[in-house]
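Chains A and B, in that order, give the protein sequences.
For the first sequence, counting from 1, position 87 maps to 87 in the numbering used here; every step adds exactly one.
For the second sequence, counting from 1, position 73 maps to 1073 in the numbering used here; every step adds exactly one.
For every residue, glycine included, the Cβ atom is placed at its ideal position computed from N, Cα and C.
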Amino acid sequence: MLTSPSGIIGLDQILHGGFPSGRTTAVIGGPGCGKTVLAMQFLVNGWTQFGEPGLMVSFEESPRGLASNFAEMSFRFSEAVGAGVFLLDGRVPMDTIEAGSFDLGGLIAVVSSLVAEHGVKRIAIDAIDALFGFSGAGFRRLELLRVLDWLTESNLTALLTVKGGENDAGIPGFFRLAEYASDGVLQLRRRTIGELSRRTLSVVKMRGAGFEAGEHPYVISKEGIRALHTPMRTAAVVQSLGVRLSTGVDRLDRMLVGGYRSGTTTLISGLPGTAKTTLGAAFLAAGCRAGERCLFIGFDEPAEQMLVDVRSVGIDLEQFVRSGLLRAESFAGGGAIADDHYLTIEALLDAHRPNRVVIDPITALEKSGGLEIAAVVTERIVALLKSRGISALFTAVTETQRGELEATPMQVSTIADTWINLSFANHGGERNRTLTIVKSRGTGHSNQMREMLLSADGIDLTDVYVGGGEVLLGTARAQREQQDVVEESMAAVSLSREFESLDREGEELTVRLTDVQRELDQIAAHRAELVKRTKVADGAHARDAALIRVLRRGDPN
Amino acid sequence: MSSSREGIPLLLFVAGDAPRTTVAVQNLRLALTEFRDKNFQLEIVNVLEDAGRAIADRVLVTPTLLAPESSRRLVGDLSEKSQLRYFLRTIEGR
Chain A
1 MLTSPSGIIG LDQILHGGFP SGRTTAVIGG PGCGKTVLAM QFLVNGWTQF GEPGLMVSFE
61 ESPRGLASNF AEMSFRFSEA VGAGVFLLDG RVPMDTIEAG SFDLGGLIAV VSSLVAEHGV
121 KRIAIDAIDA LFGFSGAGFR RLELLRVLDW LTESNLTALL TVKGGENDAG IPGFFRLAEY
181 ASDGVLQLRR RTIGELSRRT LSVVKMRGAG FEAGEHPYVI SKEGIRALHT PMRTAAVVQS
241 LGVRLSTGVD RLDRMLVGGY RSGTTTLISG LPGTAKTTLG AAFLAAGCRA GERCLFIGFD
301 EPAEQMLVDV RSVGIDLEQF VRSGLLRAES FAGGGAIADD HYLTIEALLD AHRPNRVVID
361 PITALEKSGG LEIAAVVTER IVALLKSRGI SALFTAVTET QRGELEATPM QVSTIADTWI
421 NLSFANHGGE RNRTLTIVKS RGTGHSNQMR EMLLSADGID LTDVYVGGGE VLLGTARAQR
481 EQQDVVEESM AAVSLSREFE SLDREGEELT VRLTDVQREL DQIAAHRAEL VKRTKVADGA
541 HARDAALIRV LRRGDPN
Chain B
1001 MSSSREGIPL LLFVAGDAPR TTVAVQNLRL ALTEFRDKNF QLEIVNVLED AGRAIADRVL
1061 VTPTLLAPES SRRLVGDLSE KSQLRYFLRT IEGR
């Protein structure tokens, strides 16, 4: 189906090109949703970008009122009005009294003549319900259908704005009728969260045309309406693994087999004061040194303060700000709805075109409309960064030490490619910083905890003491290591002593063994002498014995 | 500005010869005979032929009866006779 682009960023992508050409789409929403802004942008962009003349039939606002509302906005209203966009005052004049049945024959006649005169292709009928405020339901139904029929016959691409929705401020049931009778329905919603407004739009139906289902956040600013459409599907496509980028910390590079992968998202989580920002700054400094463009987005703390703070640990980012490689911006997390922050970030990406981005801390978005919205927007930011191949590092503030590894707020940890957790270990009256790589996709990373040391020379990581079933850091680690050295040398000394004494004993025994052997030899020699002498005597004795036995008549032996 | 000698101007905007046009014209003529109709000067405007005048006078619903001097207007086929009489009396009284 042919579409007529609205020229509204995000909306045309959601509508797969634009509003269906030659069809009527109802734009339904409560007060303050920006229905008129949307309709006017559709017309102004239609003329200035696509050369299609448009007609605005305004039932609530006078042409003068419209002019003063839109003159301040940055889309080209003033340029278009009178040249290619025409305004028709449709307000019911004061002092109008109803006296019998009537119809919109006049409206159709007037609009037909303007369409013919200016070659109008696009028309917006703004708040047609205002016209029906003073008449019966039967009239509304018939006349609305009549207008819609006429629009279809005229082959105009039309927007029909109608009040309605959850907090229905319009005529009861009228928006249902408009919803039913139009070819397409775009629903705008606004809800208030705390002191912030959040706006979303969804396509209820679009006959014969494709669209992105679901609720899409949008914002209204001086530029008009801008919808958040993140190419989620594109971003989900498995990307080839990027090259290694230095983390800015040598030892961490080695732990990660070279560094973070380019185009991926790294999460640094940790309690306040665990030097998350410092790791982010190191990442940016490494990028700038390699000539890459970098962007720092800080929440709730001035970016200038960050620049000063990291100088104390030997990271000089100010030189890169001056050279234009690094742009550092800061915002108040609770100052706007998370959707606004998304668009601000998108605009900064467009303006600075960075290779590396640090958002510090991403968890500040929780203050921008709550956890649920923050989680959705964070996911969109990740998808946006990935779709542009940007290497990103987010910091996340965890509230408690317990359970921080199980989950980070907003589920950032699940979408991050690399997750590093920073913590404190309390021991012997010291708090020492620790660093653990919780996960790193596509990397055979080290799973060992490291102690993180900050000094004026920068960040260093050292092995932690693991022994006797305990992990020691800081002074305790140093002491224990020293103690081990002493113990080891003492053990060596006593061992050599033992060897010596054994050797000595062995030598003594060998000497004694020689003496004993000599004695044994002497005894043996003496015996042999005795045996020799005894043999001679034995022979005489045997003869004597035989003689005696014969003499005594004894038994033979 | 207008002179009362020529009567008070009245404009009836209609969309061609639609059924409501006929009803409205009949109702108005009948009501005017009850008044001294020389006091009014009626003009019927067909918006299908003269959209420019409808735009100028901001007439988007038909039929519309407009008293241009006082900017008062009645919309509908004028079948609510009491409303129509009240309207004409108010105009005439000025």
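Asked: Could you please give the first and the last residue of the uninterrupted alpha helix (DSSP H) stretch that includes glutamine 13 of chain A?; Found: 11-14
Asked: At a Cβ threshold of 8 Å, is glutamine 1026 of chain B touching chain A?; Found: no
Asked: Any idea which residues DSSP pairs phenylalanine 394 of chain A with across the strands?; Found: A/Leu267, A/Ile359
Asked: Determine the chain A residues that contact aspartate 1077 of chain B at a beta-carbon separation under 7 Å, and present them in chain order.; Found: Gly100, Ser101, Phe102
Asked: Have a look at the DSSP bridge pairing and note the partners of serine 221 of chain A.; Found: A/Gly224
Asked: Note down, in chain order, each residue of its chain lying with its Cβ closer than 8 Å to the Cβ of cysteine 294 of chain A, except the 5 sequence neighbours on either side.; Found: Leu284, Gly287, Cys288, Phe320, Leu325, Leu326, Arg327, Pro354, Asn355, Arg356, Val357, Val358
Asked: Okay, do the stretch 12-19 of chain A and the stretch 204-220 of chain A touch, 3+ Cβ pairs below 8 Å being the bar?; Found: yes
Asked: Out of A/Thr96, A/Gly90, A/Arg388, A/Asp95, state which residue places its alpha-carbon closest to the alpha-carbon of leucine 107 of chain A.; Found: A/Gly90
Asked: Can you say whether alanine 546 of chain A is buried or exposed, counting buried as having 16 or more other CB atoms within 10 angstroms of its CB?; Found: exposed
Asked: If you scan the stretch 1026-1079 of chain B from start to end, which runs of the beta strand (DSSP E) of 3 or more residues do you find wholly inside it?; Found: 1040-1046, 1064-1067, 1072-1075
Asked: Do the stretch 1076-1085 of chain B and the stretch 92-112 of chain A meet, that is, are 3 or more Cβ pairs less than 8 Å apart?; Found: yes
Asked: Between the stretch 110-125 of chain A and chain B, which residues of the former have a C-beta closer than 8 Å to a C-beta of the latter?; Found: Val110, Ser112, Ser113, Leu114
Asked: Just the chain B side, please: which residues come within less than 7 Å of threonine 96 of chain A by C-beta, in chain order?; Found: Arg1073, Val1075
Asked: How would you write the range of the beta strand (DSSP E) that cysteine 569 of chain A sits in, first residue to last?; Found: An answer regarding residue 569 of chain A cannot be provided, because it is not within the stretch 1 to 557 covered by chain A.
Asked: Are leucine 156 of chain A and isoleucine 123 of chain A close, meaning C-beta to C-beta below 8 Å?; Found: yes
Asked: Going by beta carbon distance, what residues of the same chain come within less than 6 Å of glycine 1089 of chain B, once the five residues before and after it are set aside?; Found: The question names glycine, but residue 1089 of chain B is arginine in the sequence shown. Contacts found: none.
Asked: Within 10 Å of its beta-carbon, does proline 361 of chain A have 16 or more other beta-carbons around it, so buried, or fewer, so exposed?; Found: buried
Asked: Would you list, in chain order, the members of the stretch 68-93 of chain A that have their beta-carbon closer than 9 Å to a beta-carbon of chain B?; Found: Leu88, Asp89, Gly90, Arg91, Val92, Pro93
Asked: Report all residues from its chain with a CB closer than 7 Å to the CB of valine 412 of chain A; omit the five preceding and five following residues, and keep chain order.; Found: Leu267, Ile362, Thr378, Phe394, Ala396
Asked: Output needed for threonine 247 of chain A: all residues of its chain with C-beta closer than 7 Å, excluding positions within five of it in sequence on either side, in chain order.; Found: Asp253, Leu256, Gly259, Tyr260, Ala282, Phe283, Ala286
Asked: Considering only C-alpha positions, which residue in the set A/His352, A/Val37, A/Glu507, A/Glu301 is nearest to leucine 188 of chain A?; Found: A/Val37
Asked: Determine the DSSP secondary structure at methionine 1001 of chain B, reduced to helix, strand or coil.; Found: Since pLDDT at methionine 1001 of chain B reaches only 41, below the 50 mark, its modelled position is unreliable, and no value is offered.
Asked: I want to know whether the stretch 1010-1018 of chain B touches the stretch 1047-1055 of chain B - three or more CB-CB distances under 8 Å.; Found: yes
Asked: Just verifying my parser: in three-state terms, what is the DSSP assignment at phenylalanine 102 of chain A?; Found: coil
Asked: Could you pull out every unbroken alpha helix (DSSP H) segment of at least 4 residues lying fully inside the stretch 452-504 of chain A, listed in chain order?; Found: none
Asked: For proline 1063 of chain B, which residues in chain A fall below 7 Å Cβ to Cβ?; Found: Phe102
Asked: Starting from glutamine 1083 of chain B, find everything on chain A with Cβ-Cβ shorter than 7 Å and list it in chain order.; Found: Ile97, Ala99
Asked: Check the Cβ-Cβ distances between leucine 107 of chain A and every residue of chain B, and say whether any is below 8 Å.; Found: yes
Asked: In the DSSP assignment, the alpha helix (DSSP H) including lysine 560 of chain A goes from what residue to what residue?; Found: This structure leaves residue 560 of chain A out entirely; chain A is present only between 1 and 557.
Asked: My output table needs one value for asparagine 69 of chain A: the three-state DSSP class, helix, strand or coil.; Found: helix
Asked: Beta strand (DSSP E) containing alanine 275 of chain A: first to last residue?; Found: From DSSP, alanine 275 of chain A is part of no beta strand (DSSP E); its letter is neither H nor E.
Asked: Using 8 Å as the limit for Cβ to Cβ distance, is phenylalanine 1035 of chain B near chain C?; Found: Within the model displayed, chain C is absent; protein chains A and B are what it includes.
Asked: Please state if the CB of isoleucine 459 of chain A and the CB of valine 313 of chain A are separated by a distance shorter than 8 Å.; Found: yes
Asked: Just how far apart, CA to CA, sit glutamate 117 of chain A and threonine 1062 of chain B?; Found: 22 Å
Asked: Say whether chain A places a C-beta atom closer than 8 Å to the C-beta of phenylalanine 1040 of chain B.; Found: no
Asked: Tyrosine 180 of chain A: buried (16+ other C-beta within 10 angstroms of its C-beta) or exposed?; Found: exposed
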